[in-house]
Amino acid sequence: MVLGDEEAAKALNAQDTERPAQVRRAALASAIGTTIEWYDFFLYNTAAALIFPQLFFPASSSYAGAMQSFATYAVGFAARPMGAAIFGYWGDRIGRKTTLIVTLLLMGIASGVVGMLPGTETIGVAAPIILVTLRLIQGIAIGGEWSGSVLLAMEWGDQSKRGLLGSFAQIGVPVGLVLGTGGMTLLSATLSDEAFDSWGWRVPFLASLILVGVGLMIRLRILETPMFAAVVAEKRTSRSPVVDVAKQHWREILLSAGLRFSEQMPFYLFTSYVLVYVVEEREFSKTFVLNAVLVAAALELVTIPWFAQLSDRFGRKRVYLTGAVLTGLIAFPYFAVLENGGHLILFVAVVLSMIPHAMQYGPQAALIGESFPTHLRYGGAGLGYQLASVFAGGPAPLLATWLLHQTGTPYSISVYIVLAATVTVLCCWFLPDRSRSDIADPATYSPRPTR
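First residue of the sequence shown: 0, per numbering that gives the first Met the number 0; consecutive thereafter.
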């Protein structure tokens, strides 16, 4: 099954007749879709730090409970490349739009079930098993969501503004973080500890079902992207897009994965692990640190599109490399503040730590997406982006917890961050910058024909 000829023709004709409206819809659908996906994902991250250890692993010590909770958290990251492969196949076969509707439904339903899941004291060992299964489903959905959302905006819009348009999908991360963390912060601040731990944390998970309905309404109104519609109309889709992209563009996939180390790994330390460290080690309140993360996420609503726009002007790699170097430079000062700083300076450190992240995350969508041809772009960009989750984002809070326990000093985590920044600088250096190139497949290109 591939994109129908009639819908492909609609998308191609819309380039002239409805292009401005479709570009706006694509950008909106991209931003709102990823917002909902990341809202659900970050809710789990926050609950994994604050709620799940005692709810699903009550017999464990504080350290063991945190390790077990972050292990289930890591499972979602391990599933992401699987989702990228599954939905990459369909995204490069039947199109971006249909695939994105499925990923949105998967994530929303899984999150709603998490919000209704009883704890270990109620249903025993089945509780953590179901929790891990739902986290796997979330990871698969996120794995298929990202590249489709990025391409939806990038392939519809002005090609001289690909960095800015691709960043609409990236904005979903801070918006999702604001909504998810903001919901948890509000409930944590207004409810007693007993009420929050027993039922308050469930409310934001259940609310995701409403958000999914809104997202579906928006995504159903958009057309397929003109670039992919042209591939379909000229019968140039691949029979096995994921296999083909792995064979033909393995170098770009690996470099795209390495590109993300200094962006993704510190991000999850600065937004998720920090909740554990500041509350457990410094004995600051949950509400205080949640507020700091919330303000940091709000700052990224401005900085992500700004740095993406700068990449359209000055080139992706120049902006991206600057962010990676800054990440390495702040690694030791950041944990020095977390270990010794007072409330004000610690709050400022958590907020400002997001600036180097935004310098990378803003241009990242276009930098990775531009590295692959249209007929293989969904799978190639998705695999490159999500492969990093297995080695960078997923294990980060788990390894940070282990490093602090083994060494007794948070500066071992700083070394971890510097190593990640080094990997990113090297991979970014070797990945070609195509920010000034035409990324549409030439009409003369002929991959293996579709059956």
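Cβ atoms here follow ideal geometry from the backbone N, Cα and C, with glycine treated the same way.
- Put simply, the region 210-226 touches the region 28-35. At least three CB pairs are less than 8 Å apart.
- With a threshold of 16 other beta carbon atoms within 10 Å, residue 148 meets it and is buried.
- In terms of Cα proximity to residue 399, the closest of 372, 330, 354, 423 is 330.
- In this structure, DSSP gives residue 210 a helical state, which the three-state scheme calls helix.
- Along the length of the region 114-155, whole alpha helix (DSSP H) runs at least 4 residues long occupy 119-122, 125-153, reported in chain order.
- Between residue 82 and residue 143, the beta carbon gap of about 4 Å places them in contact (Cβ cut-off 8 Å).
- For the pair of segments examined, the region 343-353 was found not to touch the region 312-324: the number of CB pairs separated by less than 8 Å stays below three.
- In chain order, 427, 432 place their CB closer than 7 Å to the CB of residue 316, counting only its own chain and leaving out the 5 sequence neighbours on each side.
- Bounds of the alpha helix (DSSP H) holding residue 243 are 240-247.
- Cβ neighbours of residue 208 within its own chain (closer than 7 Å, five residues either side excluded): 107, 111.
- In this structure residue 319 is not in contact with residue 247, their Cβ atoms being roughly 24 Å apart against a cut-off of 8 Å.
- In this structure, the alpha-carbon of residue 37 lies about 12 Å from that of residue 102.
- Non-local C-beta neighbours of residue 187 in its own chain, meaning closer than 7 Å and more than five positions away in sequence, comprise 195, 285, 286, 289, ordered along the chain.
- Pairing residue 278 with residue 337 gives a Cβ-Cβ distance that is not under 9 Å.
- In the three-state reduction of the DSSP assignment, residue 399 falls in the helix class, which pools H, G and I.
- A distance below 9 Å separates the beta carbons of residue 395 and residue 263.
- As the crow flies, the alpha-carbon of residue 98 is around 13 Å from that of residue 28.
- Pairing residue 292 with residue 176 gives a Cβ-Cβ distance under 9 Å.
- Our two residues, residue 19 and residue 164, have alpha carbons roughly 13 Å apart in a direct line.
- When the alpha-carbon of residue 355 is set against those of 366, 167, 299, the nearest one is in 299.
- The DSSP-derived three-state label of residue 96 is helix.
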